[in-house]
Amino acid sequence: MVRAEGLGRSFGSLWAVRDVSFELRAGEVFGLLGPNGAGKTTTVRLLTALIAPSEGRAWVDGLDVVERADEVRARIGLLTETPALYERMTAVQNLDFFGRLHQVPAGLRAERIERLLRLFDLWDRRNTLTGQFSKGMKQKLAIARAMLHEPAVLFFDEPTAALDPEAAFIVRDALETLRTMGRTIVLSTHNLDEAARLCDRVAFIRGQVLRVDSPARLRQAAGGPTIEVDLAAEPGDTILGALRVRPGVWSVSATAGCLTVVVEDVRTETPGIVRALVHAGAEVLGVRETTATLESVYFEVMCGQPSSGAFAS
Amino acid sequence: MIRGSILAAIVRREFLEIVRNRVLLLSVIVPPVILATLPILLFGVLGTTASRVPPNFVEMVLAGHPQWRDLPEDQLVTAFALQQFLVTYLILPGYIPLAIATYSIVGEKQSRSLEAVLATPVRTGELLAGKSIAALLPGLLAAWLAYGVMVSVAGLVLGARMACVVTESTWLAAVFALGPAIGLVSVAAGIIVSSRVNDARTAQQIGGVILLPVIGIVVVQAVGSFVVDAPAYLGMAAIMTILGVGLIRIGAAIFGRESILTRWK
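Listed in order, the protein sequences are those of chains D and L. Per our numbering: the first sequence ends with 1577, consecutive numbering throughout. Per our numbering: the second sequence ends with 469, consecutive numbering throughout.
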C-alpha cells in the first residue's frame, strides 16, 4: 500500500531524512517513532506528495509520489499536527469545502459528512463554528476531514501532541475505531504508549530508519519475556542448574535473592519453573512477569545504550 | 489547467471568510460608502465658494478640459471638483483586494490551515487563482457600485450635464480599465508581501506602497499641472496589467507547495 525505497530529503546542505525504506501493507497501522526533529514530518510530507524527495522513490497505492503527485494526494488523507480548521466556518462547511476539493459528488458528500460526524459524535454540533470547538472536537473533525474522500491511506502527524490528556484520550479512541475498521494508517508520533497500543509495526526514525518491526517483536528482541522470582535465600548452583537445563529457558541470572529468567513463553514456562525450584529445595516467596517496554527499546535504539532500567514490571 | 468546480469551491470559501470576518467586511464596505457620499458633501460647500474662484482658474481648467467650454463658471468648478474624485475609484480596487489578500494568506499562515488544503488534489494554480479572484472581485464591485451611485447622484442633484462629465471617456477608462489593472497588481503585491510577514496590517502597509503612484495622479491633477486623459489611463492600465501579470508569476512561484510548507514562517 505504501512503499519507500531509499527515500531522502535535504534542505540546503542538511539532510532531514535519508535512506528511508519500508513497506506498509493494506489494513496495517504503521508507526513512525522518533524525537522532535527526527524527520517524521518530512517523511510524512514526502509520502503524501507535499514535498519532493531529493533521493529515492516512494509509492502510495501503487502510484509514484513524484510522477503522479495529484493522484497520490487524491488517495491519501492527512491529519496535520494542528487541526488546521477554518474556524469561522461550521463543522459541515469545513467538511463540505474539503469534499469539494476532492470532487466528491454533492449527494455522496452530504451522506459521508453525516456519517462521519455521527461516527465522531459531532452531528449535534454540525452547525457550530469550529472556533467554538474544544481541542479534542477539533482534532476529531480534522480526522473526519481526512477520511471524507475515503482515502486508501491515512497519515496522522502527531495527532495528540498538542492535546491535553482528555482530548488525547478522545483522539486515541477515534484512532482505535479506525484501527478496528481496518484502515491503513501511518501514525507519526513520539508518544510510545500510543504507538505500542495502536501500531501493528513501528519504525524508529532519527534522520534515517533505525529499526522496523512490531512492538511485540521489538520488546522480545530487547530481552524477551522474563520471569522474576523472589527467593528466601541466595540460590546456589543446583538451583540455577535446574533451570538452565529446561528447554524453554533462554537465560538465568541471580541478584541478591532474585532470579531473572528469560523464557520463550511466560504462560507455559512459569509453572514448570516454580515446580523445578521447589524440587531443587528453593523457598519461593513470589513470582512476577516482566517485559521490556517499547520505551526501553526506544532508548536502546535511539541512544544505543541499553539502560539499567530496561526492564520494567 | 484550472478546474472550475475547485476554483468555485475556493472562491466560495473565501467569500464566506470575508462575510464572517468583521474587520475585513468593514474594510470592504466602509470606504466605498464614504467615498460615494463625500463628493456630495463637498458640492454643498462648493456652492457657496464658486464666486471666489481665482482669476486664472477658468483658463487653467479649460486648457485641460476643452470639452467643458459650454459650462457656466459655477458648473465648471463643480466639474473640476468632481474630477478630483476619479482617483478614489482607483484607490478602492487597489486597497480592498490588498486587504482581503493579506488577511486571507496571513490568516492561513497563522492557523496553518494551508497544509491540509495542499494535501488535497488542489493545484497551487487553482488555489492562487481562487484567492486572487476572491480578493479582486469585492474591490472591483465596490468601486463600480460606488461609481454608479456617484453618477446617479451627480445626475439627480447636479443635473444631466454633470452626469455627462463623470461618464466621459476619461472616467470610463480609469474606472473600468485602470481600476482592474491596479486591483491585479494589488492582489499580486498582497500575495508576495504576505508570504514574508506574519501580520496582516504589516503586509497591508508594505503592499500599500503600490497605491502611491495612484495618489500621485491626484496631486498632479489637483494642481492642474498635468491632465490625465483617457488614452493616458488606458496606457497606464496596460503597464499595470503587464506589471500585475509579472507579479502574479512571482506570486505563483512563491505559492508553490514546497515554498509554503518549508519557507513560509
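Every residue gets a Cβ at the ideal spot worked out from N, C-alpha and C, and that includes glycine.
Would you list, in sequence order, the uninterrupted beta strand (DSSP E) runs of no fewer than 3 residues that lie entirely inside the region 1389-1461 of chain D?
-> 1417-1421, 1448-1453
Where in the region 287-324 of chain L do unbroken runs of the alpha helix (DSSP H), each at least 4 residues long, occur, reported from the N-terminal end onward?
-> 292-315, 318-322
Best match in L/L322, L/G460, L/V431 for proximity to L/W374 [C-alpha to C-alpha] = The count along the second sequence starts at 1 and reaches residue 374 of chain L at position 170. The sequence as given places Thr at residue 374 of chain L; Trp does not occur at that position. Cα-wise, what sits closest to L/T374 is L/V431.
So L/P301 and L/A339 are in contact, right, with Cβ under 8 angstroms, and what is the actual spacing, rounded?
-> Locating residue 301 of chain L in the second sequence gives position 97, counting from the first residue. Locating residue 339 of chain L in the second sequence gives position 135, counting from the first residue. 4 angstroms between Cβ atoms; contact.
Consult DSSP for D/R1483 and reduce its assignment to one of helix, strand or coil.
-> Locating residue 1483 of chain D in the first sequence gives position 219, counting from the first residue. In the structure shown, D/R1483 sits in a helix (DSSP, three-state: H, G or I).
Please work out which residues of its chain come closer than 6 angstroms, Cβ to Cβ, to D/A1290, disregarding the five sequence neighbours upstream and downstream, and give them in chain order.
-> The residue you call residue 1290 of chain D lines up with position 26 of the first sequence. Within the same chain, D/A1290 has close Cβ partners M1265, T1448.
Given that L/V321 touches chain D, what residues does it touch there, using C-beta distances under 9 angstroms?
-> Along the second sequence, one-based indexing puts residue 321 of chain L at 117. Per Cβ cutoff of 9 angstroms: A1348, F1361, F1362, L1365.
In this structure, does DSSP put D/F1286 in helix, strand or coil?
-> On the first sequence, residue 1286 of chain D is found 22 positions in, with the first residue counted as 1. DSSP places D/F1286 in strand when its eight states are reduced to three.
Assign D/T1441 to one of two classes, buried (16 or more other C-beta atoms within 10 Å of its C-beta) or exposed (fewer than that).
-> Residue mapping note: residue 1441 of chain D aligns to position 177 of the first sequence, counting from 1. Exposed, by the Cβ-count rule.
Quick one: which chain D residues come within Cβ less than 8 angstroms of L/T466?
-> Residue mapping note: residue 466 of chain L aligns to position 262 of the second sequence, counting from 1. Going along chain D in sequence order, the residues near L/T466 (Cβ under 8 angstroms) are F1275, I1315.
Any contact of the region 1547-1558 of chain D with the region 285-299 of chain L, i.e. 3+ C-beta pairs under 8 angstroms?
-> no
Report yes or no: is there a C-beta of chain D within less than 8 angstroms of the C-beta of L/V183?
-> In the structure as shown, chain L starts at 205 and stops at 469, and residue 183 of chain L therefore has no counterpart that could be examined.
Helix, strand or coil for D/A1574, going by three-state DSSP, please let me know.
-> Translated into positions along the first sequence, residue 1574 of chain D becomes position 310. Confidence at D/A1574 is low in this model, with a pLDDT of 32, below 50, so the placement of that residue is unreliable and no value is reported for it.
Is it buried or exposed for D/A1576, if we count other Cβ within 10 angstroms and need 16 for buried?
-> What you label residue 1576 of chain D is simply residue 312 of the first sequence in a count that begins at 1. Reliability fails at D/A1576, whose pLDDT of 35 lies under 50, so the model's placement of it is uncertain and no value is given.
Taking the continuous alpha helix (DSSP H) assigned at D/T1534, which residues delimit it?
-> Along the first sequence, one-based indexing puts residue 1534 of chain D at 270. 1530-1543 is the span of the alpha helix (DSSP H), which, as asked, contains D/T1534.
For D/T1344, I'd like the list of residues in its chain whose CB is within less than 8 angstroms of its CB, leaving aside the five on either flank, ordered along the chain.
-> Position 80 of the first sequence, counted from the first residue, corresponds to residue 1344 of chain D. Closer than 8 angstroms at the Cβ level, and outside the excluded window around D/T1344, lie A1406, D1421.
Closer than 8 angstroms, CB to CB, is D/T1312 near chain L or not?
-> Walking along the first sequence from the start, residue 1312 of chain D turns up at place 48. True, the Cβ-Cβ gap to chain L drops below 8 angstroms.
Does the pairing of the region 1458-1470 of chain D with the region 1289-1303 of chain D give three or more beta-carbon distances under 8 angstroms?
-> yes
Roughly how far, in whole angstroms, is the beta-carbon of D/A1408 from the beta-carbon of D/L1381, given that I think they are within contact range, below 8 angstroms?
-> As a working note, residue 1408 of chain D is residue 144 in the first sequence. As a working note, residue 1381 of chain D is residue 117 in the first sequence. With 8 angstroms as the limit, D/A1408 and D/L1381 qualify as a contact, their Cβ atoms being about 6 angstroms apart.
Leaving out five residues on either side along the sequence, give the residues of the same chain with a beta carbon under 7 angstroms from the beta carbon of D/C1463.
-> Residue numbering aside, residue 1463 of chain D sits at position 199 when the first sequence is read from its first letter. If we look at D/C1463 and ignore the five residues flanking it on each side, its Cβ neighbours are V1293, F1294, G1295, L1451, P1479.
With 7 angstroms as the limit, tell me which residues of the region 292-317 of chain L have their beta carbon closer than that to any beta carbon of chain D; keep them in chain order.
-> S315, R316, S317
Contact check, D/V1340 vs D/V1435, beta carbons under 8 angstroms | To locate residue 1340 of chain D, count along the first sequence from 1; it is residue 76. To locate residue 1435 of chain D, count along the first sequence from 1; it is residue 171. Note on identity: in this sequence residue 1340 of chain D is Ile, with Val being the wrong assignment. In this structure, D/V1435 does not lie closer than 8 angstroms to D/I1340 by Cβ.
Going by other Cβ atoms of all chains shown within 10 Å of its Cβ, with 16 needed for buried, is D/D1385 buried or exposed?
-> In the first sequence, residue 1385 of chain D corresponds to position 121, counting from 1. D/D1385 is exposed by the Cβ-count criterion.
Residue interval of the alpha helix (DSSP H) (run including L/G394) = For the purposes of this step, residue 394 of chain L is taken as residue 190 along the second sequence, with counting starting at 1. Unbroken alpha helix (DSSP H) run through L/G394: 383-398.
In angstroms, rounded to a whole number, what distance separates the CA positions of D/E1533 and D/V1476?
-> Here residue 1533 of chain D corresponds to residue number 269 of the first sequence, with the count starting at 1. Here residue 1476 of chain D corresponds to residue number 212 of the first sequence, with the count starting at 1. Using only the alpha carbons, I get a separation of about 29 angstroms.
Euclidean distance between Cα positions of L/G460 and L/P276 = In the second sequence, the residue the question calls residue 460 of chain L occupies position 256. In the second sequence, the residue the question calls residue 276 of chain L occupies position 72. Near 59 angstroms, if we compare the C-alpha coordinates of L/P276 and L/G460.
Interface residues of the region 356-381 of chain L facing chain D [CB-CB below 9 angstroms] = none
Taking the alpha helix (DSSP H) that D/V1308 falls in, what are its first and last residues?
-> For the purposes of this step, residue 1308 of chain D is identified with residue 44 of the first sequence, where counting begins at 1. 1304-1311 is the span of the alpha helix (DSSP H), which, as asked, contains D/V1308.
Does the distance from the CB of D/L1412 to the CB of D/H1366 come in under 8 angstroms?
-> By one-based count along the first sequence, residue 1412 of chain D stands at place 148. By one-based count along the first sequence, residue 1366 of chain D stands at place 102. Yes, these two residues count as a Cβ contact at 8 angstroms.
Alpha-carbon spacing of L/G383 relative to D/M1401, whole angstroms | Taking the second sequence and counting its residues from 1, the one referred to as residue 383 of chain L is at position 179. Taking the first sequence and counting its residues from 1, the one referred to as residue 1401 of chain D is at position 137. Taking the straight line from one Cα to the other gives about 45 angstroms.
Close Cβ partners of D/R1337 (< 6 angstroms) along its chain, the five nearest in sequence each way excluded | Translated into the one-based positions of the first sequence, residue 1337 of chain D becomes position 73. The residues are A1313.
For D/D1328, which three-state DSSP category applies?
-> As a first step, residue 1328 of chain D must be located in the first sequence, where it is residue number 64. Three-state DSSP puts D/D1328 in a strand.
Kindly indicate the opening and closing residues of the alpha helix (DSSP H) around D/G1382.
-> In the first sequence, residue 1382 of chain D corresponds to position 118, counting from 1. The sequence as given places Arg at residue 1382 of chain D; Gly does not occur at that position. D/R1382 -> alpha helix (DSSP H) spans 1370-1383.
Give a yes or no on whether 8 angstroms exceeds the smallest Cβ distance from D/E1319 to chain L.
-> Stepping through the first sequence from its first residue, residue 1319 of chain D is reached at position 55. Closer than 8 angstroms: no.
D/W1279 versus D/T1307 - alpha carbon distance | Here residue 1279 of chain D refers to the residue found at position 15 of the first sequence. Here residue 1307 of chain D refers to the residue found at position 43 of the first sequence. Distance between the alpha carbons of D/W1279 and D/T1307 is about 12 angstroms.
Alpha-carbon spacing of D/L1342 relative to D/M1445, whole angstroms = The residue given as residue 1342 of chain D occupies position 78 in the first sequence. The residue given as residue 1445 of chain D occupies position 181 in the first sequence. The straight-line gap from Cα to Cα measures roughly 17 angstroms.
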